[in-house]
Structures are given as structure tokens and as C-alpha cells.
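Remarks on the structure that follows.
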Amino acid sequence: MTGQGQTGAAAAAPAATPPSVEEAARPASARALARLLRRWPTSLGLVAAGALAIAVLWVGVIGQLAAASEAQREEAARLAATTAATLDAHARRVFGMVHAQLAAARDQLLREAPGEPPAVSADALFGRLRQIDEAVAQVLLVGADGVVAGAAPLAPRGLVVSGDRDFFLALASGEGQRPYVSRPFASQLNGRISIAVPARLTRPDGAFAGVIAAELDPVDLLRPVIDAERETGLELALVGTDGVVRASSGPLLGEVGQDIGASPLFLGMRAAPRGTLVVAAPAEAEAMLHVSFRHVPEVPLIAVVAIPERVISAGITRRWLATLVAAGGITLALAALVGALLLEVGRRARREAELARERVVLEEANREMARAKRLADEKSALLETTLANLSDGVTVFDASYRLVTWNDRLEDLLNLPPSVLFEGASYESIIRAQAAEGEFGSGDIEAEVRRRLDMVRAGSFGIYERTRPDGRVIEAKRTGLPGGGFVTVYTDITPRRRAEEEMRRAREIAEAASAAKSSFVAVVSHEIRTPMNAVIGTLGLLVDTPLDPEQRRYVETARESAEHLLAIINDILDLSKIEAGKLVLEPSDFALAPLVAGAVELFRPQARERDLDIAVEIGAGVPAALRGDSGRIRQILLNLISNAVKFSRRGQIAVSVTVAGGRRDGSRTHLLRFAVADRGPGIPPEQRALLFQPFSQLEGPDARRTGGTGLGLAICRRLVELLGGTIGIDARPGGGSVFWFILELPEAEGAPEPQAEPLSLVPVRRARVLLAEDSPANQLVAATLLRKAGHHVDVVGNGIEAVEAVRARPYDVVFMDMFMPEMDGLAATREIRSLPGPAGRVPIIALTANVLAGDRERFLASGMNGVLAKPLTARMLNEALARQLPHGPAEPPPSAMPGGIDEDHFARLRRGLSPDTLAMLIGACIDEVKSRARSLESAAASADLVMLQREAHALRGGAANYGLRELAERAGEIEAAAREGRGQEAIALVRTLAEVLDRAILALKAQSPAKAG
44 MTGQGQTGAA
54 AAAPAATPPS
64 VEEAARPASA
74 RALARLLRRW
84 PTSLGLVAAG
94 ALAIAVLWVG
104 VIGQLAAASE
114 AQREEAARLA
124 ATTAATLDAH
134 ARRVFGMVHA
144 QLAAARDQLL
154 REAPGEPPAV
164 SADALFGRLR
174 QIDEAVAQVL
184 LVGADGVVAG
194 AAPLAPRGLV
204 VSGDRDFFLA
214 LASGEGQRPY
224 VSRPFASQLN
234 GRISIAVPAR
244 LTRPDGAFAG
254 VIAAELDPVD
264 LLRPVIDAER
274 ETGLELALVG
284 TDGVVRASSG
294 PLLGEVGQDI
304 GASPLFLGMR
314 AAPRGTLVVA
324 APAEAEAMLH
334 VSFRHVPEVP
344 LIAVVAIPER
354 VISAGITRRW
364 LATLVAAGGI
374 TLALAALVGA
384 LLLEVGRRAR
394 REAELARERV
404 VLEEANREMA
414 RAKRLADEKS
424 ALLETTLANL
434 SDGVTVFDAS
444 YRLVTWNDRL
454 EDLLNLPPSV
464 LFEGASYESI
474 IRAQAAEGEF
484 GSGDIEAEVR
494 RRLDMVRAGS
504 FGIYERTRPD
514 GRVIEAKRTG
524 LPGGGFVTVY
534 TDITPRRRAE
544 EEMRRAREIA
554 EAASAAKSSF
564 VAVVSHEIRT
574 PMNAVIGTLG
584 LLVDTPLDPE
594 QRRYVETARE
604 SAEHLLAIIN
614 DILDLSKIEA
624 GKLVLEPSDF
634 ALAPLVAGAV
644 ELFRPQARER
654 DLDIAVEIGA
664 GVPAALRGDS
674 GRIRQILLNL
684 ISNAVKFSRR
694 GQIAVSVTVA
704 GGRRDGSRTH
714 LLRFAVADRG
724 PGIPPEQRAL
734 LFQPFSQLEG
744 PDARRTGGTG
754 LGLAICRRLV
764 ELLGGTIGID
774 ARPGGGSVFW
784 FILELPEAEG
794 APEPQAEPLS
804 LVPVRRARVL
814 LAEDSPANQL
824 VAATLLRKAG
834 HHVDVVGNGI
844 EAVEAVRARP
854 YDVVFMDMFM
864 PEMDGLAATR
874 EIRSLPGPAG
884 RVPIIALTAN
894 VLAGDRERFL
904 ASGMNGVLAK
914 PLTARMLNEA
924 LARQLPHGPA
934 EPPPSAMPGG
944 IDEDHFARLR
954 RGLSPDTLAM
964 LIGACIDEVK
974 SRARSLESAA
984 ASADLVMLQR
994 EAHALRGGAA
1004 NYGLRELAER
1014 AGEIEAAARE
1024 GRGQEAIALV
1034 RTLAEVLDRA
1044 ILALKAQSPA
1054 KAG
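Be aware that the sequence shown starts at 44, since it is given in our numbering, and climbs by one per residue.
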């Protein structure tokens, strides 16, 4: 089809001379140059003609603009002259007629006989003068003494004008034989600027008898002429022959009353009765005016009309712009025309070249078509072979939904009879045949046919699958064709679906096994830890009884073995929690130095027994307070320090925390490296990868000597990864290993709340306690520990008995085991909480051998007040009671040292801590109280009582934690004052804090082992 279309186009084109043999033999570049030279004269002629036309256009435009500018100026001069003539005629008419009316009135007044009524009425005269021109504003009859005898339309009494009107003085001195126009003045009658046209009253004996005058408004005088020429930009004026402006329409010719007698304009006008001038404006020297003037006959006035040069120039500029825009448009049009002609010449030349090439290409195209047809036939045969051998069934339907082609595999997959499949068979007939055989179920056949036809007509293609009546699962992939119709590929996916079903069942079995394992771990944990709690507790009780040395050694060995076994169980439980994804992080703000020091102090006695020293280093730049799961970080450190003590034979164990990398600008997050360096035997590089695998231990005498399960480092690795960090091991110079982990931890948002002192038990009053526990051994241990502390204990064996006991008598606290027969601890707690009165509010503390993720929240949500994990100790029970019961009677006040320090408190610290740790804690204390004091001063400066109370509370707790009794008391006074709204008192107390703080710091430094040593 493509070849036929090209041949037809070639035949329809104008005949072109075929290239000669010599031309065809020349190189392509030479042929292109020849074609360019052939069409060059035509292109050059077009360009020259266009340039000539544009040049002629612009010469004419420039000449026209010059002529138009001159015509504009001539037109302005004619307009000014015409308007000057109009103004001259208007002035002669107004002043001549006004003077004539005044003269007639004067003659009537002079003919009056004494005693007769006035022959002339001011109102009547004013009416006649207003008919002449609306510029007449007032008529005056003034006696020889200057007193106004009559006026209209305003008639004042006793007004004297003789001394301040030039027209009165001039006429009184004998002038007045010709029309006189006064200088502008402010009318005494209406306050407006006016000019006067007077007439002299003379008695028969020639004596001065007074004046009759008309006052005219200069603005109204010019209004008729101004209105006629408003859009022309003209300025008009009437200038007296004395150089004073009588009336003006604008500022350029001078304001009314202005004397322009010395200006070039006036000097030029005085030199001739009429004419034109080009001069500077009297009121604005830089503004040039084109002036036309006329001396008004019989009136001492000059009619002046001016056109500013800028008005003329603006008109010329507008005309220039309009002409240039038009000329530019014509120029562009000519250029576009020339360009279009050039493009057409080029297009025709290219078309000729293309036709020549097409003739050469057509033969090659015909040859290509023949080759393509041969290839298409081969591909068609290949396609038919491919379809016949495909493992999938294929159908192709055209735009009319008629079958075009299919393969043999389709008949087998869909079980279609040959009578249904033939070229041109409709999709509808095939679907109906399948529906009749029950291929789509037992529903309405015609409804199913319509549904499937509607899907195809709507273009609802894609992938779908269905299960045939014989059980095979068929997947159909249907794709639309560009010209209409569609292709469908049918695949037997029965084996894949069977495999997926087997995988699903295997996954369910695996999940069930995982759940069974978790349940098994929980049950085994509880079932082992519960008797282990009894074993350890009973052995602890036995140690407190009189024993000979051999018996005591046996008991200590049994207790150590039981505790070791419990540690193994705890490790297995922790690992199972991590693997089950049930270990939940609990981030909080914490102080770093006490956490590290506390972990070290637990192993210091064991280290001393092995002649080992443990050094602690907190590097520069490490924040004092951080935010993270301090419990898990402490657990990792305890594992690493425990291993270091266990495997080191000599020397020093170094525990350090340093900054591992920089932080981004403005970020409060730090990359910290925790490291524990031991003096153990060292670990070969090829065995290091095994260290962090569960149940993995290195071979050698140290492994046999120290024992263990190989879970500690595996748990450390899982915890570090859960915290988002990395863990590893390096060789230590001089022998040994360095176990390290790196965490990214943010700074605490605020200083962490000071912790209660951990070295002494909180005294509580004697209490009545109910113990609900099903294990007799655990009953014995817990009850004995509580009774030794002085408490009354009742014991029950299940939840039902616990509910009945609480209902029967009051208790201060209930310790409730979670796993008991008949009724467990959760159900018993809910029953107790439903009891009326105080019994329903009794504190309940859960006892459990395994605390999985979410258990604590579940226990508290059921109404419990706390959770204790077995094995129980006296300290755990006492602290739990202290949190639920009021404290016992107050102890005697502690002895104090200089500086307000609790001597007993520091004695306990010295007994319980190493000198290095005590020195580090004292340094941390000094930094903390200084920081708190600065925050207090800032709050006092801003008078923020809320912040003042909060910071004072924090300082009081921190000071009490370190035994700074006087500082704690002062902070408490500040806190109370701020809480009660006594702001001035709180701020005054803050000012006295510095002295107390200095004494406390000096006393602390005196207690530091480094200072003392």
C-alpha cells in the first residue's frame, strides 16, 4: 500500500526534467551547488525588490512627517489668530455695550430734578447689564464722597469705596472720557476678584458728582471663548495696556492681577497693534509660547491667545507615532511577503529535488515491498507453526467479534468441539455453546451470554481466571487490538494454584508452629521461673538461718546455680520476644553518667575478687542527658561488662562513651560509641562472625571455664539493631578485645527528672497484705519476706479465694499471681474492682514469671496498680508497698556538714560506690545544680512564675538526691512562693540562691575523693 501511494503522488506531480547521466554521476555536493546557483538570481531579485520598496516607503514617510509637522505648526498659528480675533470681538462687544449702558444711566441721573424719584434703579441697570454678559456681577452708584448710594444685586449701607479703588480715584481726578477698565480687586460686596467698568458723574458746573460702575467676574468674562476652544490646549488672557492681567484662563500668561509689564511678551505686544510672537511664558520662563494678540479698539486691553510649545509638540509626536507604526507595519508586511516568496522559491526547488530522489527511491521501494511480502509470508507460516505448538490456547477476534484464527491447544484447554471453531464464527455462538455445556455454571444461559458480550463491547479487557467443571484452573489474558477486536491467551495454571495452596497451608502450619512456640516459651518460662522463684527465695531464707560453714557453702552454691539457671531462662525468653517481634522500645529522657556508673558498680565487687580494675570514661562532647530506651542500653552494657569481667585475667577493663561522628547543623542528635575493652585471650578474626549468633561459643579453655549459653551477645546484637545501631568487635592493643556498639541518640528535651536515691529502702508502716499464689513454695518465700518486714500476711491459692478474702475483710495491698487454677489473676482483679466501697479500690500488684510485650499494659488496663516479675526479693516487695502505702513515721533529721550536706547520705555513698564513680557523680551533681540555678535566674528575670515553679521543683529534687539539704530547702521555698502566686518573694529568694549554691559546691568538692586524695 505504501508503494502504491508513493507512485500515485509521483504521477500527479508536475513533470520534471530527469537528471542527465552526467549530472547523476556528479557528487551530491556538486549537484546541490548547481541547484543553488540556478535559483540564486530569482532569490536575489526578490530581496532587491523588497528592499527598494521599503526604502521608497520610508523616504515618503519621512517627507510626509516633515510636511505634517510644519502644517501642524501653521494650523496652531491659524487657530491662535482666529481665537485672538474672537476674543477681541468678545471684549469689544462686552466692554462697549457695558460702557454704553453706564453712559445712558449716567445721563438719566444727571437730568434728574431735585426732589424727583431716582431716574435710574440699580436693580434695573443690573438686569440690563446681565443680559449683555453673565460676567457682570455687581452694579454700584457711588457719590462724590465715596459712599455707596445704591447697588445691585447686593445693597450694603454706608459702604465707602473712595480710598481703595483705582477707578474711583482716576475718575475723580478727571479721567473717564473713554472706556476705563480697572485693575482686578477683591469686591467689598461679594468677596470675589473683579474688574470694574466705571462712568463719571459730572455736575453742570463740571464738578465731580460720583461714579456709576459695573463689576465683572474675570473668569466668567472669558468663559464663552474658553468653552468654544476647550479641547485645543489654548490659553487666553486680557491684559491691560498698563501691563496688568485683567483676566486669564491659565497660569502661563499670568495670574489675574499679575503685572507682566516687564516681560518679553508684553514688550512685544506693546510694539504693534496685532501680531504673533514666540516667547517665554511670563509665569514659567522655560515654557515657550506661540502667541497671537490684538489691541482691543476703544478699550485699554490687549486680547492674547497662546499655544504652549509642548501642546504643539505633543500633537506632532502623536502624528509621528501613528505614521511610524503604520510604516513599520507595512515594512513588516513587505518583509514577510519577501520571506514568504523566498520560502516558496526554496520549497519549489526542494520539491523538485525530492521528486527526483523519489523517482530513484520508488524502484528501491518496489524491490523492498517484494522482499517484505516474502518475509511476511514466511512470518505468517512461522506464526501458524508457533500457534500450533504453543502450550497456551489462543483466539483472535476481529472488530465484528468474528473468529479470525485459533490454535489446536484451545480445543484441548476449553474442551470445545470442532463444529464450534471455524473461521468467521461469532464470539456469541462460541460463548453460548460453552454456557450450554455448563462451562460457566448452572445459571441462565442467555443472561450469561449477554453479560460476557457486554464486557467485550465495553472494552473490559485484562486478566481473569476461572475454574472449569473438570477442576482445571484457566487464566485468560485478553488484549484489545488497535483496529478493533481482541486477542485472548488461555493458560492452564492448575499446577501453580496447587503450589500456592500448598504454600498457604505450609505458611499456616508455620504460623501455628510459631504461635505454639511463643505459647510454649511463655508457659515454660512461667512453669520454670515459678519453682525457680521458690528455690532462690527459699535458699535466701535459708542463708539467714544459723548454718555451719559447710552448710552455708552448699546453700551458696545451690543459690548461685539457681540464679545462673534463671539467667539462662531470661536470655531464652528475651531472644524469643525479639524473634516474635514483641519487644517494644520505651524511650525516655535519662542521664548518661549515672546509667554507665550503675552498670559498672554491679560488677565492681566481682572484678575486685579477680584483681581487675574497671575504669569509666565519658568523652568530651557527649551530652549529659539523652533520650532513648535506657533499660535496653543498660542491658547491653551489663552483658558486655559481664563478659569482660568473666574473660579478663589481669589488668584493667575500660568502659567508655565517646562521640563517633559529627552532627548536622542545628541537629540535637548525636552518634555515640559505647565500648567495653577487656584483657581476655583475644578472638581470632575468623571466629568473630560467630560471636553474635545464638547458642554460639568459641572453643578453648576459657569457654569451658566460664560456661554460658552463647545467647548474651546474640541478644546484644538484636537489641542494638532494634535501637537502630551497629555492634562489632576489634582487637585491643596489648591483648584483649574491644566490644563496641554505636547508637544515634537525641539530646533530652529537658533535664531528666532526678531519680530517688537507690541506696536505702523507703520505710513503710506495717500493712495487712493478701498474697494470692497457687505455688506452695512461692507462698512460703513471699509470705516469709513480707512477714520479716513486719507485715501481716494472709495467703490464698486461687482467684476465687482472693475475691472472697477481699470481700470479707479489708486489706492494704493485694499481691496477685497471674496464672492460678479456677480463676486467674486478671479475672480476679476485675471481680475485685466491681466490689462496692473501699474493697473495690484496694491496690493490686501483679506477680508473674514472664512479662511479655504488652503484658504490663494489659495488667494495668484490667485495674492493677503495678507489676512485679519473679523471682521476688525483699527489696522489690518493700518498694512496691512503699509506692502504694503512706510512708512510716519520719526518721530523725540527718546530721549536717558545713554547706548543708547530709553527712549520713554521703557516708552511704562512700560505702556503696568506688572513689572514681563517686567523684564522677559529684562532678555531675555540680554541673546539674549550676544549670538548674541558671534556669531559675532566667525565669526570675522574665517573671515567669510557671517556669520558676517547674525549675525550682527540679532543683529541689536534684539537690535532695545528692544530699544538698540547705539547697533543697531554699529551692522548696522558691517553689512554694511561685506556686502560691507570691512572685516578688520568689524572685527575692532566687537572688539569695547564689550564696547557698556556692556553699553547697564548696562542700561537694571537699567530699570528692579526688579532692580528698
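For every residue, glycine included, the Cβ atom is placed at its ideal position computed from N, Cα and C.
So, does the segment 708-719 touch the segment 781-788, judging by three or more C-beta pairs under 8 Å? yes
What residues in its chain sit with their C-beta under 7 Å from that of L1010, if we drop five residues either side in the sequence? G943, V972, A1002, V1039, L1040 and A1043
Thinking C-alpha only, which one of P222, I269 and P648 is nearest L130? I269
Applying the criterion that 16 or more other CB atoms from any shown protein chain within 10 Å of the CB defines a buried residue, is M1058 buried or exposed? Because the chain is modelled from 44 through 1056, residue 1058 falls outside the range shown and cannot be assessed.
Span of the alpha helix (DSSP H), counted from its first residue to its last, around R266: P261 to A271
Specify, as a first and last residue, the run of the beta strand (DSSP E) that Q695 falls within. Q695 to G704
If you reduce the DSSP assignment to three classes, tell me which class P648 lands in. helix
Quick one: what does DSSP say P797 is sitting in, helix, strand or coil? Bear in mind that a pLDDT of 47 at P797, under 50, signals an unreliable position, so the model cannot answer this.
Could you tell me if G1056 is buried or exposed, where buried requires 16 or more neighbouring beta carbons within 10 angstroms of its beta carbon? Residue placement at G1056 is poorly supported in this model, since its pLDDT is 40, which falls under 50; the coordinates still yield a value, given next. When all chains shown are included, G1056 counts as exposed.
Is T510 buried or exposed, if buried means 16 or more other CB atoms sit within 10 Å of its CB? exposed
Look up D632 in the DSSP assignment and give the residues it is bridged to. R670
Return helix, strand or coil for M331, following the three-state DSSP convention. strand
Helix or strand or just coil, what does DSSP make of K913? coil
Considering Q477, what are the terminal residues of the alpha helix (DSSP H) in which it resides? Y470 to A479
Taking only three categories from DSSP, how would you classify G514? coil
Span of the alpha helix (DSSP H), counted from its first residue to its last, around L1047: L1036 to Q1050
Using the Cα positions of R999 and R977, report the straight-line distance between them to the nearest angstrom. 14 Å
Determine the burial state of N233: buried for a count of at least 16 other Cβ atoms within 10 Å of its Cβ, exposed for fewer. exposed
How would you write the range of the beta strand (DSSP E) that I888 sits in, first residue to last? I887 to T891
Whole-angstrom distance between L991 and A984, CA atom to CA atom: 10 Å
Whose C-beta lies closer than 6 Å to the C-beta of S164 among residues of the same chain, with five residues either side of it excluded? none
If contact is defined by three or more beta carbon pairs under 8 Å, each pair taking one atom from either stretch, is the segment 257-271 in contact with the segment 316-326? no
Closest to V846 by CA distance: which of K831, E816 and A601 is it? E816
Tell me where the alpha helix (DSSP H) around F483 begins and ends. From DSSP, F483 is part of no alpha helix (DSSP H); its letter is neither H nor E.
Whole runs of the alpha helix (DSSP H) within the segment 805-846, excluding any shorter than 4 residues: 819-831
Taking its Cβ as the centre, do 16 or more other Cβ atoms sit within 10 Å of Q1050, making it buried, or is it exposed? buried
Which whole-angstrom value describes the C-beta separation of G779 and G723, a residue pair presumed to lie in contact below a C-beta threshold of 8 Å? 5 Å
Determine the DSSP secondary structure at T588, reduced to helix, strand or coil. coil
Using only CA atoms, which one of I726, I350 and A1019 lies nearest to I772? I726
State yes or no: is the C-beta of A194 within less than 8 Å of the C-beta of L212? no
From E387 to A396, what distance separates their C-alpha atoms? 14 Å
Is I875 near G909, with beta carbons less than 8 Å apart? no
What is the C-beta distance between V348 and L279, in whole angstroms, given that I count them as a contact (C-beta under 8 Å)? 6 Å
So, with DSSP's three-state summary, where would you put I350? strand
Put A1065 into one of helix, strand or coil per three-state DSSP. The question about residue 1065 has no answer here: the residues shown for the chain are numbered 44 through 1056.
Between V516 and the rest of its own chain, which residues show a CB-CB distance below 7 Å, the 5 nearest in sequence each way excluded? E508, T510, I536, T537 and R540
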